[in-house]
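Participant: Can you read through this structure? Questions will come right after.
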Amino acid sequence: VDLPTYPFQREHYWLEPGAGDADVVSAGLEGAGHPLLGAAVSLPDVDGFLLTGRLSLRTHPWLGEHVVDGSVLLPGTAFVELAVRAGDEAGCGRVEDLTLEAPLVLPEQGAVQLQVVVGAPDEQGARSVRIYSRLEQDQGDRQWIRHASGELAVDGAAPAFDLAAWPPAGAEPVEVADLYERLAADGLGYGPVFRGVRAAWR
Numbered sequence: 001v002d003l004p005t006y007p008f009q010r011e012h013y014w015l016e017p018g019a020g021d022a023d024v025v026s027a028g029l030e031g032a033g034h035p036l037l038g039a040a041v042s043l044p045d046v047d048g049f050l051l052t053g054r055l056s057l058r059t060h061p062w063l064g065e066h067v068v069d070g071s072v073l074l075p076g077t078a079f080v081e082l083a084v085r086a087g088d089e090a091g092c093g094r095v096e097d098l099t100l101e102a103p104l105v106l107p108e109q110g111a112v113q114l115q116v117v118v119g120a121p122d123e124q125g126a127r128s129v130r131i132y133s134r135l136e137q138d139q140g141d142r143q144w145i146r147h148a149s150g151e152l153a154v155d156g157a158a159p160a161f162d163l164a165a166w167p168p169a170g171a172e173p174v175e176v177a178d179l180y181e182r183l184a185a186d187g188l189g190y191g192p193v194f195r196g197v198r199a200a201w202r
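Residue numbering for the sequence shown follows the UniProt record's numbering, beginning at 1 and increasing consecutively.
Below is the structure:
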């Protein structure tokens, strides 16, 4: 094969990605503005809305530092955070109650689809909240698993105690120097990201 006798122009002709291929707005959704959630959509018939997300150890590697009996679980506080974010979207400033019903196990490979469903407001403005997931590869075959359910309420009275006065009067300190070693012995593995306890009182 004869090679050309002139120098190459060294120009690139890469295909441009289609506008909005992975853009939630192009799908008719709004961005959720949250690290665990990608999009929000209103449900006009029921005056509710849906928040969606996708979790994996590839996109959220820090979640791999929360291990229970050898399985990576979404921390319970993440469900509280999802409910708080749903409350912000709904104009409900308080999570009235939240029941954790099933653990959310993150697979070593692949991803989990996440949905936070917020119901219509009642007479007082309170709304139901439910958190579901399913494995991404099971889209057509598997039912959604409900992990948590609760109620979001509009802002109420201020707490009866002073949050700035900590620790409370009469509280006794608890030793936490070897806390994470003790938890690991019980099958609860907390990596550096989840080792936030510096002091505790009883």
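Every residue, glycine too, gets a C-beta built ideally from N, C-alpha and C.
Does the structure place the segment 107 to 121 close enough to the segment 51 to 58 that three or more beta carbon pairs sit under 8 angstroms?
Facilitator: As far as the Cβ criterion goes, the segment 51 to 58 touches the segment 107 to 121, which means the pair count is three or higher.
Participant: How would you write the range of the alpha helix (DSSP H) that GLY48 sits in, first residue to last?
Facilitator: Numbered from 1 along the sequence shown, position 48 holds the residue referred to as residue 48. GLY48 -> not in any alpha helix (DSSP H); beta strand (DSSP E) instead, spanning 48 to 55.
Participant: What residues are listed by DSSP as bridge partners for VAL41?
Facilitator: For the purposes of this step, residue 41 is taken as the residue at position 41 of the sequence shown. Answer by DSSP bridge pairing, in chain order: LEU50.
Participant: Whose CA, out of ASP186, ALA165 and VAL67, lies closest to the CA of residue 280?
Facilitator: Since the first residue shown for the chain is 1 and the last is 202, residue 280 is missing from the structure and cannot be characterised.
Participant: Quick one: grab the DSSP three-state call for ALA19.
Facilitator: Start at 1 with the first residue of the sequence shown, and residue 19 comes out as number 19. Note that ALA19 scores a pLDDT of 46, beneath 50, so its modelled location is shaky; the value from the coordinates is reported in the next line. In the structure shown, ALA19 sits in coil (DSSP, three-state: anything other than H, G, I, E or B).
Participant: Closest to LEU133 by C-alpha separation, out of GLN124, ARG146 and GLY187, would be which residue?
Facilitator: Taking the sequence shown and counting its residues from 1, one reaches residue 133 at position 133. Looking at the sequence provided, one finds Ser at residue 133 rather than Leu. Closest by alpha carbon: ARG146.
Participant: Over the uninterrupted alpha helix (DSSP H) stretch that includes ARG85, give me the two end residues.
Facilitator: Here residue 85 refers to the residue found at position 85 of the sequence shown. Counting along the chain, the alpha helix (DSSP H) containing ARG85 begins and ends at 76 to 90.
Participant: Can you tell me where the beta strand (DSSP E) with GLU101 in it begins and where it stops?
Facilitator: Numbered from its first residue, the sequence shown carries residue 101 at position 101. Element bounds for GLU101: n/a, residue is neither H nor E.
Participant: Where does the unbroken alpha helix (DSSP H) through ARG182 begin, and where does it stop?
Facilitator: Residue 182 sits at position 182 when you count from the first residue of the sequence shown. From DSSP, the alpha helix (DSSP H) with ARG182 extends over 179 to 185.
Participant: Which value, in whole angstroms, describes the spacing of the CA atoms of ASP141 and LEU98?
Facilitator: Position 141 of the sequence shown, counted from the start, is the residue given in the question as residue 141. Position 98 of the sequence shown, counted from the start, is the residue given in the question as residue 98. For ASP141 and LEU98, the distance between alpha carbons rounds to 28 angstroms.
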